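Peer 1: My structure is below; once you've seen it, I'll send some questions.
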Amino acid sequence: MGNIITAKFGGSSLADAQQFDKVKAIVEANKERRYIIPSAPGKRHTNDYKITDLLYICTSHVVNSIPFDDVYRIISERYLGIVEDLSKKHSQMNNLNIQGYLDEIKLKISNGASADYTASRGEYLNGLILSKLLDFEFIDAAELICFDRYGSFDPQSTHEKVSKRLVNCQRAVIPGFYGADSEGEIKTFSRGGSDITGSIIASEVKSSLYENWTDVSGFLMADPRIVENPNPIENITYRELRELSYMGATVLHEESVFPVRDADIPINIKNTNCPEDPGTYIVNDTSPIKRSGSITGIAGRKNFTVIAIEKTLLNVEIGFNRKLLSILEMNGVSFENMPSGIDSVSLVIEDIQIKNKLDGIIDEIKRQCKPDSIDIYPNMALIATVGRGMSKTKGIAGRIFTSLGKKNVNIKMINQGSSEINIIVGVETKEFETAIKAIYDEFV
Ligand code: ASP
1 MGNIITAKFG GSSLADAQQF DKVKAIVEAN KERRYIIPSA PGKRHTNDYK
51 ITDLLYICTS HVVNSIPFDD VYRIISERYL GIVEDLSKKH SQMNNLNIQG
101 YLDEIKLKIS NGASADYTAS RGEYLNGLIL SKLLDFEFID AAELICFDRY
151 GSFDPQSTHE KVSKRLVNCQ RAVIPGFYGA DSEGEIKTFS RGGSDITGSI
201 IASEVKSSLY ENWTDVSGFL MADPRIVENP NPIENITYRE LRELSYMGAT
251 VLHEESVFPV RDADIPINIK NTNCPEDPGT YIVNDTSPIK RSGSITGIAG
301 RKNFTVIAIE KTLLNVEIGF NRKLLSILEM NGVSFENMPS GIDSVSLVIE
351 DIQIKNKLDG IIDEIKRQCK PDSIDIYPNM ALIATVGRGM SKTKGIAGRI
401 FTSLGKKNVN IKMINQGSSE INIIVGVETK EFETAIKAIY DEFV
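Written as structure tokens, this is what we have:
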């Protein structure tokens, strides 16, 4: 039957009836879109509620013996409103008794249903509505997505269930975010986990493409709050994505890339509100580089502290770094980077890691490592310039440093990963935005 596209629609794409209509038009525009994974309704505007957040509040109210009727009313009104508005245009919606489902769920929550069950109902109800609207079969994710008794995803059992159930089902809506364990108890992924469901289904049905529909037209080369109108990224590899998302550029749930990456299925991040925009393709790490000598994106994070240690003849002292790192280990602290010179070494550590521990760590370093000096630089930021087009190209680092120099940005630290797909610089937090703009302007 040709290619299969699995399409996941995020919460903002299904926040109200108007968004549902856009989704219907998108799905119907391409017959290859056969397996559709909805999230729960998200925010319609900045001050709105996400249905999943409200469902978690219901659980905590029940646990604390507080009535949850008021919260549940807001949830019910959202779904009833969506169905009522859709019914005006689509007669099939009149056959959906959403009130009946809402009553049944409310009863289960009052009887102490688990937090996972309650939270999952956001996707469940959205799945029922969307399947009716599209006239696709509704398949409860509890029938397909399996969890083991420790609450972890169980790929083997999922594979068995999906291959049996979907073999004769050409088109289906499968709610995201949850599944069930062998006892039939509902289990959820971590927050944002509908992305993971989409990725699992895409790989199980051997899709040619996994579309992830959201409210942005893919990844941008830099944060639009810092760089005005940054260019979109057309193409990014899984490894580049990992580097950029670690540095704060998040659109997708981190764990969601693995099933499709292993099955060599590209992901296309698309915008439900501008479906004609090409979006970003996330592709295999070995995909050919289109533009060598260029960068893919720039991202950064603030709130780091650098501990800079100096000691004469450090280069010939055996075990110095081991002592240093064991002090961090004893304190349960991990570090991000460890640039070193001949007689010096620095530790770059996230602030939340060393909160309340810094003084103890410094005392311990003085006692065990006997350095000549220790300096602390708080308020540091790291900026990563990422791109597979950088590898084996001369002059990229030079251009980054010159662009920063021209803007008077003082580079406190430099680190290049051995894979040559990123260069990280450390700068003072107050120069963070200037530095990102300078690098962007140099390359774009
Ligand atoms: N609705 C869930 C959440 O808000 C899962 C998702 O949207 O992907 O986390």
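Just so we're aligned: 249 in the numbering used here is position 249 of the sequence shown, and the numbers increase by one with no gaps anywhere. Even for Gly, the Cβ is constructed at its ideal location relative to N, Cα and C. Keep in mind it's a predicted model, so treat the numbers as computed, not measured.
Could you say which of Asn415, Arg165, Gly11 and Pro378 lies nearest to Ser194 if we only look at CA atoms?
Peer 2: Checked all of Asn415, Arg165, Gly11 and Pro378; the closest Cα to Ser194 is Gly11.
Peer 1: Do Arg191 and the ligand ASP come close, with the Cβ less than 7 Å from some heavy atom?
Peer 2: Within the cutoff, so yes.
Peer 1: Give the straight-line distance between the Cα atoms of Cys274 and Ile282, rounded to the nearest whole angstrom.
Peer 2: One C-alpha to the other measures close to 19 Å.
Peer 1: For Ser403 and Val162, I'd like the C-alpha separation in whole angstroms.
Peer 2: If I take the Cα positions, the gap works out to 52 Å.
Peer 1: Report whether the distance from the Cβ of Gly395 to the nearest heavy atom of the ligand ASP is below 7 Å.
Peer 2: Incorrect: Gly395 has no Cβ contact closer than 7 Å to the ligand ASP.
Peer 1: With a threshold of 7 Å (Cβ to nearest heavy atom), would Thr52 be considered close to the ligand ASP?
Peer 2: Yes; taking the cut-off as 7 Å, the Cβ of Thr52 has a heavy atom of the ligand ASP nearer than that.
Peer 1: Please go through the same chain and pick out, in chain order, the residues whose beta-carbon is closer than 7 Å to the beta-carbon of Ser217, but skip the five residues on each side of it.
Peer 2: So the list reads Pro232, Asn271, Cys274, Asp277 and Gly279, once near-sequence residues are dropped.
Peer 1: Measure the beta-carbon distance from Ile139 to Tyr210 and round it to whole angstroms, keeping in mind my assumption that it falls under 8 Å.
Peer 2: In fact, because the Cβ distance is near 18 Å, the residues do not count as touching under 8 Å.
Peer 1: Ignore the nearest five residues each way along the sequence and tell me which others in Asn30's own chain have a CB closer than 8 Å to its CB.
Peer 2: Result list for Asn30: Ile5, in chain order.
Peer 1: Could you check where the beta strand (DSSP E) with Ala308 kicks off and where it finishes?
Peer 2: Where Ala308 is concerned, the enclosing beta strand (DSSP E) stretches over Gly297 to Glu310.
Peer 1: Measure the C-alpha to C-alpha separation of Ile298 and Ile439 and round it to an integer number of angstroms.
Peer 2: Their backbone Cα atoms lie some 8 Å apart in a straight line.
Peer 1: Between the Cα of Ala172 and the Cα atoms of Ile342, Glu183, Gly319 and Gly198, which residue gives the shortest distance?
Peer 2: The shortest Cα separation from Ala172 among Ile342, Glu183, Gly319 and Gly198 belongs to Gly198.
Peer 1: Can you give me the C-alpha to C-alpha distance between Thr393 and Glu228, rounded to a whole angstrom?
Peer 2: Those two C-alpha atoms are separated by around 28 Å.
Peer 1: Decide if Ser418 is buried, meaning its Cβ has at least 16 other Cβ atoms within 10 Å, or exposed.
Peer 2: Ser418 should be labelled exposed.
Peer 1: Exposed or buried, what is His253 when buried is set at 16 or more other beta-carbons lying within 10 Å of its beta-carbon?
Peer 2: The residue is buried, with at least 16 neighbouring Cβ atoms inside 10 Å.
Peer 1: Let me know if Glu243 comes out buried or exposed under the rule of 16 or more other beta-carbons within 10 Å of its beta-carbon.
Peer 2: Looking at its Cβ environment, which holds 16 or more other Cβ atoms inside 10 Å, Glu243 is buried.
Peer 1: Starting from Pro278 and walking both ways along the beta strand (DSSP E), at which residues does that stretch end?
Peer 2: Counting along the chain, Pro278 falls outside any beta strand (DSSP E), and DSSP gives it neither H nor E.
Peer 1: Quick check on this structure: which residue in Gly389, Ser157, Leu96 and Tyr377 has the alpha carbon closest to the alpha carbon of Gly426?
Peer 2: Ranking the options by Cα distance to Gly426, first place goes to Tyr377.
Peer 1: Who are the Cβ neighbours of Asn303 in its own chain at under 7 Å, not counting the five residues just before and after it?
Peer 2: Once the five neighbours on either side are set aside, the close Cβ partners of Asn303 are Glu350 and Asp351.
Peer 1: Reducing DSSP to helix, strand and coil, say where Asn315 ends up.
Peer 2: Reduced to three states, the DSSP call for Asn315 is helix.
Peer 1: Hey, out of Tyr238, Asn337 and Ala381, whose CA is closest to Glu431's CA?
Peer 2: It is Ala381.
Peer 1: Ordered along the chain, which non-local residues of its own chain (more than five positions away) have a Cβ less than 8 Å from that of Asn410?
Peer 2: Val427, Glu428 and Glu431.
Peer 1: Cutting at 8 Å between CB atoms, please list the residues of its own chain near Phe258, excluding the five before and the five after it.
Peer 2: Correct list, in chain order: Ser199.
Peer 1: Under the DSSP definition of a beta bridge, which residues are partnered with Glu428?
Peer 2: BP columns for Glu428 point to Met380.
Peer 1: Go ahead and pull the three-state DSSP assignment for Cys58.
Peer 2: Residue state, collapsed to three classes: helix.
Peer 1: Do Gly176 and Lys187 have their CB atoms nearer than 8 Å?
Peer 2: Cβ atoms of Gly176 and Lys187: not closer than 8 Å.
Peer 1: Is it the case that the Cβ atoms of Ile109 and Val63 are separated by a distance below 8 Å?
Peer 2: Contact flag unset, no.
Peer 1: Does the distance between the C-beta of Phe177 and the nearest non-hydrogen atom of the ligand ASP fall short of 7 Å?
Peer 2: The answer is yes for Phe177.
Peer 1: What does a CB cutoff of less than 7 Å around Glu310 pick up in its chain, not counting 5 residues either side in sequence?
Peer 2: Excluding residues within five positions, the ones whose Cβ falls inside 7 Å are Asp343, Ser344, Pro371, Asp372 and Ser373.
Peer 1: Cβ of Asp195 versus every heavy atom of the ligand ASP: is any distance shorter than 7 Å?
Peer 2: It does: the Cβ of Asp195 is within 7 Å (strictly closer) of some heavy atom of the ligand ASP.
Peer 1: Can Gly151 be considered in contact with the ligand ASP, in the sense that its beta carbon sits closer than 7 Å to one or more heavy atoms?
Peer 2: No - the ligand ASP has no heavy atom lying nearer than 7 Å to the Cβ of Gly151.
Peer 1: Going by C-alpha to C-alpha distance, which of Asn321, Asp48 and Gly389 sits closest to Gln368?
Peer 2: Checking every option, the nearest Cα to that of Gln368 belongs to Asn321.
Peer 1: For Arg73, does the count of other Cβ atoms within 10 angstroms reach 16, so buried, or fall short, so exposed?
Peer 2: Exposed.
Peer 1: Determine the burial state of Gly398: buried for a count of at least 16 other Cβ atoms within 10 Å of its Cβ, exposed for fewer.
Peer 2: Burial call: exposed.
Peer 1: If I measure Cβ to Cβ from Ile396 and keep anything under 6 Å in the same chain, skipping five residues before and after, which residues do I get?
Peer 2: Only Met390 meet the Cβ criterion.
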